[in-house]
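**Q** Per our numbering, the sequence shown runs over residues 480 to 706.
Note that the Cβ used here is the ideal one computed from N, Cα and C, for glycine as well.
Quick caveat: nothing in here was measured; it's all calculated off a predicted structure.
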Amino acid sequence: MTAVPRKDPAAVEAEVREKIHLEILKRTGAYHSNDHVLLPSGQHTSEYIEKTLVTTEPSFTEGLGAVIAKHFAQWPVDVVLSTGPGALILSHCVARAHPSRPVVVYGTKGLSRGTRQVTLPAEFQRLIRPGTKVLLVEDLVSTGSTLSLLIDLVEQRGAHVVGVGCLWRRTSVELDGKPVFSLVSRDFPTYAPEECPLCRKGVPLNEEFVRRRHHRKPSTVQEPKTQ
Ligand SMILES: [Zn+2]
480 MTAVPRKDPA
490 AVEAEVREKI
500 HLEILKRTGA
510 YHSNDHVLLP
520 SGQHTSEYIE
530 KTLVTTEPSF
540 TEGLGAVIAK
550 HFAQWPVDVV
560 LSTGPGALIL
570 SHCVARAHPS
580 RPVVVYGTKG
590 LSRGTRQVTL
600 PAEFQRLIRP
610 GTKVLLVEDL
620 VSTGSTLSLL
630 IDLVEQRGAH
640 VVGVGCLWRR
650 TSVELDGKPV
660 FSLVSRDFPT
670 YAPEECPLCR
680 KGVPLNEEFV
690 RRRHHRKPST
700 VQEPKTQ
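1) In angstroms with no decimal places, state the Cα-to-Cα distance between Lys470 and Ala493.
2) What is the C-beta distance between Leu517 and Glu653, in whole angstroms, given that I count them as a contact (C-beta under 8 Å)?
3) From the DSSP output, in three-state form, read off Glu634 for me.
4) In the structure shown, what three-state DSSP assignment does Cys678 receive?
5) Using only alpha-carbon positions, find the residue among Val689, Asp666, Glu497 that is nearest to Val546.
6) Phe688 to Ile503, Cα distance in whole Å?
7) When you compare each of Leu684, Val663, Ser651 to Tyr670 by their alpha carbons, which one comes out closest?
8) In this structure, how does DSSP classify Glu702 when only helix, strand and coil are distinguished?
9) Taking C-alpha atoms, which residue in Asp631, Leu569, Ala574, Leu614 lies nearest to Thr434?
10) Jot down the residue ranges of each uninterrupted beta strand (DSSP E) in the segment 534-594, minimum 3 residues, whole runs only, in chain order.
11) For His639, is the beta carbon positioned less than 7 Å from some heavy atom of ligand 1?
12) Find out if the Cβ-Cβ distance for the pair His571, Val558 is shorter than 8 Å.
13) Answer with buried or exposed for Asp618, where buried requires no fewer than 16 other C-beta atoms within 10 angstroms of its C-beta.
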């Protein structure tokens, strides 16, 4: 009889939790799996996440925010800081559930001479001072470049990053040695079209997400011009 290798119970639990969180994201319509998707880069993949849809269900966002808050509950937090609309919605839910009752502030993203930057609005500056304990919250972490900017912003003000909480992290991303807690850690395997196993199997290619980016304009309304 061959012994079945037994997994560490903590690892099994983490795996189950991750599956539950993935299911939740699937129900928002944000997460697509078992598909054959064309990415904006021209690569093909079987999974895709639509960032904008991740925080559309308030009860899901609240539940997921509470899980992140619970993870960081043992550390005092003065401020929860994020940037971008999705991350801000989530950071509200994290702060609401954290026992330290931290305040919620956000940085604004922009470009300065072609370089991406995050700026802290003047009204928030007195809230992040030397010694302030800051928890960073992000919805999806892909390259980690936004979080690096947030970490710099906090450290330049003499404050301290307690950790980073996020919904989704690409497993390969490292963040300056800061403790990162992610509900889902997944990297999508991507393939060049000529090496794509799904193309080889003849699975039809879903170009919806790339088309959406290029051709479907966001709806915009403008204030009528006053004469
Ligand atoms: Zn393909």
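**A** To lay it out plainly:
1) Because the chain in this structure spans residues 480 to 706, residue 470 falls outside the shown range and cannot be described.
2) Looking up residue 517 in the sequence shown gives position 38. Looking up residue 653 in the sequence shown gives position 174. Contact flag wrong, Cβ pair sits at about 29 Å.
3) Here residue 634 corresponds to residue number 155 of the sequence shown, with the count starting at 1. Three-state result, Glu634: helix.
4) By one-based count along the sequence shown, residue 678 stands at place 199. Looking at Cys678 - three-state DSSP - the assignment turns out to be helix.
5) For this step, residue 546 is matched to residue 67 along the sequence shown. Per the Cα distances, Glu497.
6) For the purposes of this step, residue 688 is identified with residue 209 of the sequence shown, where counting begins at 1. For the purposes of this step, residue 503 is identified with residue 24 of the sequence shown, where counting begins at 1. In a straight line, the C-alpha of Phe688 is about 21 Å away from that of Ile503.
7) On the sequence shown, position 191 is the one that residue 670 refers to. Of Leu684, Val663, Ser651, the residue nearest in Cα terms is Leu684.
8) Stepping through the sequence shown from its first residue, residue 702 is reached at position 223. Here Glu702 sits in coil by DSSP.
9) Outside the displayed range of the chain (480 to 706) lies residue 434, so it cannot be described from this structure.
10) 558-562, 582-591
11) Looking up residue 639 in the sequence shown gives position 160. No; taking the cut-off as 7 Å, the Cβ of His639 has no heavy atom of ligand 1 nearer than that.
12) As a first step, residue 571 must be located in the sequence shown, where it is residue number 92. As a first step, residue 558 must be located in the sequence shown, where it is residue number 79. No, the pair does not count as a contact, with Cβ atoms beyond the cut-off.
13) The count along the sequence shown starts at 1 and reaches residue 618 at position 139. Buried, by the Cβ-count rule.
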